[in-house]
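Engineer: Numbering (the working numbering), first residue to last: 1 to 572. To start, I am sharing the structure in question, which I have written as structure tokens.
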Amino acid sequence: MSYRALTRREVLSAAGAGLLYAGSRRLWGQAPGATAADAVIVNAGIYTVEPAAPRAEACAIKAGRFVAVGSDAEVRALIGKGTQVFDAQRMTVVPGFIDCHNHAVGMDVLYETAVGNPFQVEFVTIAGIIDKLRAKARETPPGYWVEGYFFDDTKVKDRRALNVHDLDAVSRDLPVAVHHRGGHTSFYNSKALQLAGINRDTVNPPGGTFDRDADGNLNGRVTDRASAVFDKVGLRPTYTPLQQAERQRAAMAYISEQFVRSGLTSVHHEHFDGPEALRGIEAIRAAGQLKHRVFFAAYGPMLDGLIEAGVQTGLGDEWLRIGGTVEHLVDGSFSERTMALSIPYPGKGGYRGNVTETQEALDAWVLRMCRARVQVNCHANGDVAIAAVLTALERAQRQAPLADARPQITHCTLVNEELVKRIKALGAVPVPFSTYPYYNADKFRFYGEALIRHCMAFRTFIDAGIVAAAGSDFPPGPFAPLMAIQAMVTRKGWNGETWGAEQRISVAEALRINTWNGAYASHEENVKGSIAPGKYADYVVLAEDPHTADPNHIKDIKIVRTVTAGNVVYQA
Ligand SMILES: [Zn+2]
Ligand SMILES: [Zn+2]
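Right under this line is the structure:
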């Protein structure tokens, strides 16, 4: 075995002297006189994600934290009268997984009409989408929107694009929209286009498009900034504050449940409806239903209000902390093929994607966040957008220098050597799509191998010494961390296609990206992200070891148990 066993003396001195170990050297305080552990896990195959002691057989937990990690014999010495003993029967134990970019849209999953599967690869038919929306239309009063969510244009059996005529078949009287799960494109019927005053002569606004068919007629697809006009027309249901609070509470309880089922114990929440979402999280916490830890990103008026109030990133406690900003959009989408490229999209008549922010506005925004000590988080997919973010960060760093700021570049999808150097120099944290190489491999052909080998570039980041973390971007991508690990390790899609094989990383590297690196992204690597004395007792028990399992089936490994702060929050 390769685990580094703590010596018996180390374990006993840690417990007996009332001191806990972090790593192998740093000491942590503990209430004097406390000796026996609350719980121990023995007979396990533990991957600690601690380079100095990567493997262990057993660990002990007290007051929600790990207090010892080592061999069975050493940890058994901490069993007292009230200690719960969990015999893992050689199963694999890893640190709880961390997702650094997730919109946590429990509301959409619970209350909206899904025209695609939010959690895994599933093909639907356009006729099926029309049927679902017709059913919705039948119960929709005049003037109100009929909307479908979680649409994925490459998971359609018909093998053609959804269009305005399909949605006219749903209704000619009600406005109808189908929203792509990627969040940057929607499809509208004629009524919606008419209400928004869009016709074949309408000029595309900056940073968005009203797409046309071969004859120049609107085909119903609308991208990025062009969608804003639809938010101002038609009616949407309203709820009393009490009803809305109850919906948010139920949605958060639901999504927290789903996260821990998949092994996530910490999630960066990025809500565009910030205050309501925060109240929902606070409500489930008060009810004892918050099962995962939340790093809560702020957006819009909420972000302005927090800055005004002097709130900086990190305020909060071990369960709920104010995070950085919600991703500040700089360009379009990878999955919907609107991200800003320095070269034209293959076969798209010179189209290079959408830049959704001017450099000047971006510079000012980044500087304002840095001055307010709010961790910057920008969405940038294409190389053009990533360069713009780096320019803004470099300028802000000169004007308002901040040590160890760890600005987040969400997605950071298409990189090149120069961008990687600048990311490294700034200490920025890229958070590329974690599950896309599996889930969205069917979209890689739109870019081609020459580009894809520089996309979701985990190998490149590791080799450059850059700490990159995992971001599912749910709902654009499924959030299951084991799907992410399989994707990073194999670069093979659900369809069997392998793209950008140069970017493959080892299971151990992928495990670190999905755990310790996630903790680093929120400046919490001293309290979570690995199994080490002093850290939160957040871990996952897996039925099979992903290091030795068939790499093409890592996503199917059963999550046996998920634990946060020493409490079992999911049990298979
Ligand atoms: Zn994004
Ligand atoms: Zn996102």
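Ideal Cβ placement from N, Cα and C applies to all residues, glycine included.
1) Starting from N517 and walking both ways along the alpha helix (DSSP H), at which residues does that stretch end?
2) Rounded to whole angstroms, what's the CA-CA distance from L133 to V115? Just pull it up for me.
3) Ligand 1 heavy atoms versus the CB of H180: any closer than 7 Å?
4) Using DSSP with H/G/I as helix, E/B as strand and the rest coil, what is D166?
5) Give the straight-line distance between the Cα atoms of K157 and H101, rounded to the nearest whole angstrom.
6) Taking only heavy atoms of ligand 1 into account, decide whether any of them is closer than 7 Å to the Cβ of D473.
7) According to DSSP, is L264 helix, strand or coil?
8) On the premise that Q289 lies in contact with A340, defined as a C-beta separation below 8 Å, what is that separation, rounded to the nearest angstrom?
9) Examine the Cβ distances between the segment 261–270 and the segment 233–248 and report whether three or more of them are shorter than 8 Å.
10) Using a Cβ-Cβ cut-off of 6 Å (strictly less than) and excluding sequence neighbours within five positions of G29, which residues of its own chain qualify?
11) Within the segment 21–99, note down every full beta strand (DSSP E) run reaching 3 residues or more, in order along the chain.
12) Output the distance between the C-alpha atoms of A298 and I126, rounded to the nearest integer angstrom.
13) Are the beta-carbon atoms of A37 and I79 separated by less than 8 Å?
14) Let me confirm a value: I343 is counted as buried when at least 16 other C-beta atoms fall within 10 Å, else exposed. Which label applies?
15) Let's test the definition: count the other Cβ atoms within 10 Å of the Cβ of N219 and tell me whether it reaches 16, buried, or not, exposed.
16) What is the rounded straight-line gap between the Cα of K558 and the Cα of G500?
17) In whole angstroms, what is the alpha-carbon distance linking W494 and V124?
18) Can the beta-carbon of L320 be found less than 8 Å from the beta-carbon of I281?
19) Measure the C-alpha to C-alpha separation of V176 and D131 and round it to an integer number of angstroms.
20) Please list the segments of the alpha helix (DSSP H) lying wholly inside the segment 496–564, counting only runs of 4 or more residues, in order along the chain.
21) Considering only heavy atoms of ligand 1, list every residue whose Cβ is less than 5 Å from one of them, following chain order.
22) Give the range of the beta strand (DSSP E) segment to which D231 is assigned.
23) Quick one: Cα of A31 to Cα of F66, how far?
24) Using CA coordinates, which residue listed in Q84, P54, G64 and G82 is at the minimum distance from G70?
25) What would DSSP say about G128, mapped onto helix, strand or coil?
26) If the criterion is Cβ atoms closer than 8 Å, does the pair A469 and Y520 meet it?
27) Is it buried or exposed, D473, if we count other Cβ atoms within 10 angstroms and call 16 or more buried?
28) If the criterion is Cβ atoms closer than 8 Å, does the pair G208 and H179 meet it?
29) Can you list, in chain order, the residues of its chain whose CB lies under 6 Å from that of F86, leaving out five sequence neighbours each side?
30) Would you report the Cα separation of D153 and R373, rounded to the nearest angstrom?
31) Please return the same chain residues whose Cβ sits closer than 6 Å to the Cβ of S24, not counting the five positions on each side in sequence.
32) Do D108 and L264 come within 8 Å of each other at the CB atom, strictly closer than that value?
33) Over the uninterrupted alpha helix (DSSP H) stretch that includes C378, give me the two end residues.
34) Just to check, is the beta-carbon of H101 closer than 7 Å to a non-hydrogen atom of ligand 2?
35) Can E270 be considered in contact with ligand 2, in the sense that its beta carbon sits closer than 7 Å to one or more heavy atoms?
36) Give every residue of the same chain whose Cβ lies closer than 6 Å to the Cβ of E257, excluding the five residues on either side of it in the sequence, and list them in chain order.
Structural biologist: Let me spell this out:
1) W516 to A521
2) 8 Å
3) no
4) helix
5) 29 Å
6) yes
7) strand
8) At roughly 41 Å, the Cβ-Cβ gap does not stay under 8 Å, so A340 and Q289 are not in contact.
9) no
10) Interpretation of G29 is limited by its pLDDT of 34, a score under 50 that renders its predicted location unreliable; the figure taken from the coordinates is listed afterwards. The answer is none, since no qualifying residue turns up.
11) 26–29, 39–42, 45–47, 58–62, 65–70, 84–87 and 92–95
12) 36 Å
13) yes
14) exposed
15) buried
16) 28 Å
17) 16 Å
18) yes
19) 13 Å
20) 507–513 and 516–521
21) E327 and H379
22) Segment: none, D231 is in no beta strand (DSSP E) and carries neither H nor E.
23) Residue placement at A31 is poorly supported in this model, since its pLDDT is 37, which falls under 50; the coordinates still yield a value, given next. Near 14 Å, if we compare the C-alpha coordinates of F66 and A31.
24) P54
25) helix
26) yes
27) buried
28) no
29) I41
30) 39 Å
31) With a pLDDT of 38 at S24, under the threshold of 50, the modelled position of this residue cannot be trusted; read the value that follows with caution. Same-chain partners within the cutoff: A52.
32) no
33) Careful: C378 lies outside any alpha helix (DSSP H), inside the beta strand (DSSP E) at N377 to A380.
34) yes
35) yes
36) none
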